[in-house]
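Asks: Residues 537 to 745 in the working numbering are what the sequence shown lists, from first letter to last.
I'd like to ask you about the structure that follows.
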Amino acid sequence: MSSIALARVYQRSFETHPNGTLAFAGGALTALGDVVAQMTQHLTAPQDQHEKTRLRYDFPRTLRFFCFGAGMSPLIGRWNKFLEMKFPLRSEGGKVSFAALSKRVACDQIVMAPIGLTMFLGSMGIMEGRDSEHIRGKFRDLYQPAILANWKVWPVAQFVNFRFMPLPYRVPFQQTCGVFWTLYLSLINSREDQEQDKQDALRHTLDRP
């Protein structure tokens with residue numbers, strides 16, 4: 537199927553089932569980010585662990601990322617619609633307002649970026665079966681470096697997104713760019729999980745009589 541035909545199929549699906557279309561597309565692209573992350577982890581594993589690591593693909597982990605992307609994408613779609621109405625880019629003369637575009641990006645990064653990261657860390661902790669202490673540990677260790685990394689890369693992507701992409705395609709564009717962002721989130725979340733598991737194992741060993 538050509539890219540033009542695929543775009544037409546997406547457009548028709550979005551017009552009839554916007555939330556379902558965004559959920560499926562967002563879930564698939566977010567899951568793709570985790571697939572890339574796991575492949576990266578396996579390829580960069582130490583040589584003595586390579587054979588064992590290569591065979592242990594974590595399908596439930598990818599499913600968790602699909603569920604997060606599917607749940608988050610319709611919310612992002614509504615958020616984009618709000619920004620479209622709140623900060624219209626074109627005046628009556630048709631000229632694009634750089635001030636309005638900047639306000640969209642600033643609002644997105646100040647409001648939605650922290651909310652999205654909070655929902656990611658919280659929902660991942662819940663889907664992994666972590667208790668409140670472990671989830672708080674995720675926030676303590678990961679939130680600040682992740683939000684700072686977000687503010688370094690996403691404003692440029694969102695400038696392009698809000699300026700050039702039609703409203704129905706903004707979430708897929710964001711999720712496509714977000715494959716590499718998901719790669720980053722997946723890697724840091726996995727490292728945090730491994731560290732928490734090591735600490736739990738050590739604690740259980742020390743608690744044995």
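Even glycine gets a Cβ: it sits at the ideal position worked out from N, Cα and C.
Can you give the beta carbon distance from Leu-619 to Leu-637, rounded, assuming they're within the 8 Å contact cut?
Replies: Going by Cβ atoms, the distance from Leu-619 to Leu-637 rounds to 10 Å, so no, they are not a contact pair.
Asks: Helix, strand or coil, according to DSSP, for Arg-592 in the structure here?
Replies: Arg-592: coil per DSSP, three-state reduction.
Asks: Give me the Cα-Cα distance between Gly-658 and Gly-630, rounded to the nearest whole angstrom.
Replies: Those two C-alpha atoms are separated by around 42 Å.
Asks: For Met-575, count neighbouring C-beta atoms within 10 Å of its own C-beta (all shown protein chains included) and say buried if the count is 16 or more, exposed if not.
Replies: Exposed, by the Cβ-count rule.
Asks: Going by Cα to Cα distance, which pick from Pro-650, Glu-664, Ile-646 and Phe-709 is closest to Asn-725?
Replies: Measuring from the Cα of Asn-725, the nearest candidate turns out to be Glu-664.
Asks: Among Arg-699, Val-689 and Asp-570, which residue has its Cα nearest to the Cα of Phe-595?
Replies: It is Asp-570 whose Cα lies nearest to the Cα of Phe-595.
Asks: What residue ranges within the segment 691-726 form continuous alpha helix (DSSP H) runs of no fewer than 4 residues, ordered along the chain?
Replies: You should have found no qualifying run.
Asks: Considering only residues of the segment 613-661, which uninterrupted alpha helix (DSSP H) runs meet the minimum length of 4 residues and lie entirely inside it, listed in chain order?
Replies: Here the runs fully enclosed are 634-643.
Asks: Run through DSSP, which three-state label would Ala-581 get?
Replies: DSSP places Ala-581 in coil when its eight states are reduced to three.
Asks: Distance check for Pro-582 and His-553, CA to CA, integer angstroms please.
Replies: Each residue's Cα considered, the two are about 46 Å apart.
Asks: Which class does Asp-667 belong to by DSSP, given the choice of helix, strand or coil?
Replies: Note: Asp-667 maps to coil in three-state DSSP.
Asks: Looking only at its chain, what residues have a beta carbon closer than 8 Å to the beta carbon of Thr-589, apart from the 5 residues adjacent to it on each side?
Replies: Residue confidence is low: Thr-589 scores 46 on pLDDT, short of 50, so the model does not pin down where it sits. No coordinate-derived value is stated.
Asks: State buried or exposed for Thr-654, treating a residue as buried only when at least 16 other CB atoms are found within 10 Å of its CB.
Replies: Under this definition Thr-654 is an exposed residue.
Asks: Output needed for Ala-649: all residues of its chain with C-beta closer than 6 Å, excluding positions within five of it in sequence on either side, in chain order.
Replies: Cβ neighbours of Ala-649 beyond the five flanking positions: Asn-686.
Asks: For Phe-695, tell me which candidate among Leu-684, Gln-680 and Cys-713 has the shortest Cα-Cα distance.
Replies: When only C-alpha atoms are compared, the closest one is Cys-713.
Asks: Just tell me which of Pro-691, Ile-651 and Asp-667 has its CA closest to the CA of Gln-680.
Replies: For Gln-680, the nearest C-alpha among the options comes from Ile-651.
Asks: Rounded to the nearest angstrom, what separates Gln-730 and Leu-719 at their Cα positions?
Replies: Distance between the alpha carbons of Gln-730 and Leu-719 is about 16 Å.
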